[in-house]
Amino acid sequence: MTGSVTVRVPAKVNVQLAVGGPRSDGYHDLANVFLAVGLHDEVTVRPADELRVTCAGPDAAQVPLDHSNLAARAALALAARYGRDANVHIHIDKDIPVAGGMAGGSADGAGALLACDALWGTGASREELLGICAELGSDVPFSLVGGAALGRGRGELLTPLPVGGAFHWVFAVADGGLSTPAVYAECDRLRGAADIPAPEASAALLDALRAGDAEALAAAVSNDLQDAAVSLRPSLAATLEAGRGAGALAAMVSGSGPTTAFLVPDAAGARKVADALQSSGTCRAVRVAAGPVPGATVLS
Ligand code: C5P
Numbered sequence: 009m010t011g012s013v014t015v016r017v018p019a020k021v022n023v024q025l026a027v028g029g030p031r032s033d034g035y036h037d038l039a040n041v042f043l044a045v046g047l048h049d050e051v052t053v054r055p056a057d058e059l060r061v062t063c064a065g066p067d068a069a070q071v072p073l074d075h076s077n078l079a080a081r082a083a084l085a086l087a088a089r090y091g092r093d094a095n096v097h098i099h100i101d102k103d104i105p106v107a108g109g110m111a112g113g114s115a116d117g118a119g120a121l122l123a124c125d126a127l128w129g130t131g132a133s134r135e136e137l138l139g140i141c142a143e144l145g146s147d148v149p150f151s152l153v154g155g156a157a158l159g160r161g162r163g164e165l166l167t168p169l170p171v172g173g174a175f176h177w178v179f180a181v182a183d184g185g186l187s188t189p190a191v192y193a194e195c196d197r198l199r200g201a202a203d204i205p206a207p208e209a210s211a212a213l214l215d216a217l218r219a220g221d222a223e224a225l226a227a228a229v230s231n232d233l234q235d236a237a238v239s240l241r242p243s244l245a246a247t248l249e250a251g252r253g254a255g256a257l258a259a260m261v262s263g264s265g266p267t268t269a270f271l272v273p274d275a276a277g278a279r280k281v282a283d284a285l286q287s288s289g290t291c292r293a294v295r296v297a298a299g300p301v302p303g304a305t306v307l308s
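Residue numbers (this note's numbering): 9 to 308.
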């Protein structure tokens, strides 16, 4: 097959991340409420002599181009499923900050999977694609689905959620990353021997999403990994404080961090908080986005 396929795929923020105790397989059961936001990568695949990955964008130098990249792993997984070679050139136009906590790598995995599926005309069902996403990583199915969803299990078992309006966010991008396994391990360490209840989605949070009510959502957001992320990266406390001081309705670590997320009332509020964060000197970059937005979408 000739030609190319381009897929657009969004970043996410976790508005609730409730983490259970460690499971015997090393993962943690979650109640993980995802919201897709309007920062996107574009993943283009075209036939090539061998599988290779290239990347362009401000953070491109930090993106691995070998087969550890989730986009390459997605192509290999789909090819193996359909007994074919994975000889494609995958190009990632990266606009999602490379810092952790916004599922940029997961987005590229879901994007490459959907793009290869379209290029090769496999006829895979949505369930099959979601199954491959879940094998690639806990956050990858949500990148395919987008919108808003509750993730159970390790985050891969998704139930779509109704959302009654747009929510406006500012994201502060930290210097360097944080290892996701290290943040979960730090969460376990900080909890010590405490009995951890099974994670449950907050009814107040689901109501706030359904109503499109930013103030109610701000009162309900939570992230059980936040203390662990701040423990490993104490400088995040100053970033959170800078956003709060500038009038953010809520300030939180996004996922396992180190990106921090600030819920604001509207686009004007976003500009004010973004300016304050930019001049605070507590982060590497600042981005503004609203959500929900659709998941991975074939553009051409
Ligand atoms: O699934 P994914 O590869 O994104 O997970 C990366 C790491 O994050 C896992 O190896 C595990 O240490 C941690 N994790 C977890 N519980 C989850 C999701 C991820 O402990 N539900």
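Just so you know, even glycine gets a beta-carbon here, dropped at the ideal spot from N, CA and C. These numbers come from a predicted model, not from an experiment.
- Name the DSSP bridge partner or partners of GLY129? Partner(s): none; GLY129 has no beta bridge.
- Message: Going by DSSP in three states, LYS280 sits in which element: helix, strand or coil?
- Response: helix
- Query: Who are the near neighbours of GLU143 in its chain, counting only those whose CB is closer than 7 Å to its CB and skipping five residues on each side?
  - Reply: ALA85
- Task: Can you give me the Cβ contacts of GLY145 inside the same chain, cut-off strictly under 6 Å, excluding the 5 residues immediately before and after it?
- Result: SER114
- Message: For the region 120 to 138 against the region 156 to 163, do three or more pairs of beta-carbon atoms, one drawn from each stretch, fall closer than 8 Å, so that the two count as touching?
- Response: no
- Query: What's the gap between the Cα of ALA245 and the Cα of ALA278?
  - Reply: 20 Å
- Would you list the residues sitting across from HIS48 in a DSSP beta bridge? PRO18
- Under 6 Å, CB to nearest heavy atom of the ligand C5P: contacting residues: GLY34, TYR35, HIS36, LEU38, GLY145, SER146, ASP147, ARG162, GLY163, THR188, PRO189, TYR192
- Query: Near VAL106, what residues of its chain come up, given a Cβ to Cβ distance below 7 Å and the 5 sequence neighbours on each side ignored?
  - Reply: ASP67, GLN70, VAL71, GLY112
- Item | Proximity of LEU307 and ARG31 at Cβ, strictly below 8 Å | no
- Counted within 10 angstroms of its Cβ, other Cβ atoms place THR268 as buried (16 or more) or exposed: buried
- Message: Mapping the DSSP letters down to three states, classify SER262 as helix, strand or coil.
- Response: coil
- Message: If distances are taken between C-alpha atoms only, which option among VAL301, ALA202, ARG295 comes closest to ASP103?
- Response: ARG295
- Item | Beta-carbon proximity check, ALA209 vs ALA228, cutoff 8 Å | no
- Message: Please return the same chain residues whose Cβ sits closer than 8 Å to the Cβ of LEU285, not counting the five positions on each side in sequence.
- Response: VAL178, ALA180, THR247, ALA250, GLY251, ALA254, PHE270, CYS291, VAL294
- Item | Separation of VAL96 from GLY11, as counted between CA atoms | 11 Å
- Message: Let's test the definition: count the other Cβ atoms within 10 Å of the Cβ of SER151 and tell me whether it reaches 16, buried, or not, exposed.
- Response: buried
- Given GLU136 as reference, the closest of LEU47, ALA87, PRO170, ASP37 once Cα atoms are compared: ALA87
- Query: Per DSSP, which one or two residues make a beta bridge with GLN234?
  - Reply: For GLN234, which the question treats as bridged, DSSP gives no partner whatsoever.
- Query: What is the DSSP secondary structure of TRP104, reduced to helix, strand or coil?
  - Reply: Residue identity differs from the one stated: residue 104 is Ile in this sequence, not Trp. Looking at ILE104 - three-state DSSP - the assignment turns out to be coil, as it is neither helix nor strand.
- Item | Selection from ILE100, ALA82, GLY155 that minimises the alpha carbon distance to GLY299 | GLY155
- Query: CA-CA distance, ILE140 and ALA120?
  - Reply: 12 Å
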